[in-house]
Structures are given as structure tokens and as C-alpha cells.
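Residues in the sequence shown are numbered consecutively from 9, following the working numbering. Here is the structure we will look at.
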Amino acid sequence: MIFLKDLGLRGASLVAVYCAGQSLTACSQNEAITPAPLGSPFTVDMNTSANAALLKQGGYIVQNNVVIANTSKGYVAVTVVCSHEGQRKVTLRSDEFYCPQHGARYDLSGKGLNSEGRNGVMVYSVTQSGNVLTVS
Ligand code: FES
């Protein structure tokens, strides 16, 4: 019987061998999760009570699997899908995006701020016309 260590494989090499034989889900901690692209642009009317949270800095809503947030850098939209393990839990917290599942953190440009967030989060374009935002 030949053991993997006899082939000189250890640590990361063994993980790579293991992951090669598994589904994406089994090894998702090592690979970026890429959400489906935004189907088509959509608008958010901040005059409606459902979207009123966006009128204050620090407020956010989730619509069409997109977190739309009023941040210190203006309106920013990112996917709710966390790149760590694909949980749909990304929210705004303390002027950065955050996934409570394992603590992934992303800055307002989508860049990861810790190891769980290292693959970044997808950012969408937001334009404003009066109290209407268009996410694309
Ligand atoms: S799924 Fe692990 S931090 Fe979001």
C-alpha cells in the first residue's frame, strides 16, 4: 500500500489532492464564490417607507439579493452572497460589509479585510437621480 506521504505530499498538497476529488462546496473555503451576475438594472425609490433606511448614513436595504447601503462614501451596492462559503448574509456594519456566518469583512470597495473575506465581494454600480437609485 502506498501512502500519500510516501509520495511527498503533505499540508497544502494534500488539501489540493483532496479538493481535486471533491465538489466546489466541499472546498469552498479555498475558492472564491462567484454569485450570478445582476440580471438587469433595477431602481430603488427612497421616498417609499420600505426604502427609508437609505436616507440615513449607516442604513441599508436588501433587494434582488443586493445590499444597497448609505455609507460614508455615498451609496454602495454589493451582492448578499458572501465569497467565503456562499451564504446570503452580507450586510452593512460599521461602514463596512460583513457576513455574520464566519465573520468575513469587506471594505466599501469590495476588498476583503480579513482571511474569511480575502476573495472580496462583488460590487455593483449605483447612480442617483433625486431620491431614486439605479443599481446596475
Ligand atoms: S459564509 Fe463564511 S463568512 Fe460568510
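The C-beta atom is built at its ideal place from N, Cα and C for all residues, glycine as well.
Handout entry: residue 139 classed as buried or exposed, judged by whether at least 16 other C-beta atoms fall within 10 angstroms
Key = exposed
Practice task
Verify the contact flag: residue 119, CB atom, against every heavy atom of the ligand FES, threshold strictly below 7 Å.
Solution key: no
Practice task
Please work out which residues of its chain come closer than 6 Å, Cβ to Cβ, to residue 125, disregarding the five sequence neighbours upstream and downstream, and give them in chain order.
Solution key: 112, 113, 114
Practice task
Look at the Cβ atom of residue 83, then the Cβ atom of residue 141, and state whether they are nearer than 8 Å.
Solution key: yes
Handout entry: Counted within 10 angstroms of its Cβ, other Cβ atoms place residue 63 as buried (16 or more) or exposed
Key = exposed
Exercise for the section: Leaving out five residues on either side along the sequence, give the residues of the same chain with a beta carbon under 7 Å from the beta carbon of residue 53. Expected result: 59, 139, 140
Handout entry: Beta bridge counterpart(s) of residue 76 as assigned by DSSP
Key = 69, 85
Problem - Beta-carbon proximity of residue 50 to residue 72, cut-off 8 Å - result: yes
Practice task
With a 10 Å radius around its C-beta and 16 neighbouring C-beta atoms as the bar for buried, classify residue 87 as buried or exposed.
Solution key: buried
Practice task
Can you list the residues near the ligand FES, meaning Cβ strictly closer than 5 Å to any non-hydrogen atom, in the order they appear in the chain?
Solution key: 90, 92, 93, 95, 107, 109, 110, 112, 124
Exercise for the section: Return the chain-ordered list of same chain residues with a C-beta closer than 6 Å to the C-beta of residue 30, the five sequence neighbours on each side being excluded. Expected result: Reliability fails at residue 30, whose pLDDT of 37 lies under 50, so the model's placement of it is uncertain and the value that follows must be treated cautiously. So the list is empty, once near-sequence residues are dropped.
Handout entry: DSSP-derived helix/strand/coil call for residue 60
Key = helix
Handout entry: 8 Å contact criterion, which residue 132 and residue 99 should meet: CB distance rounded
Key = Residue 132 to residue 99, Cβ: 16 Å. No contact.
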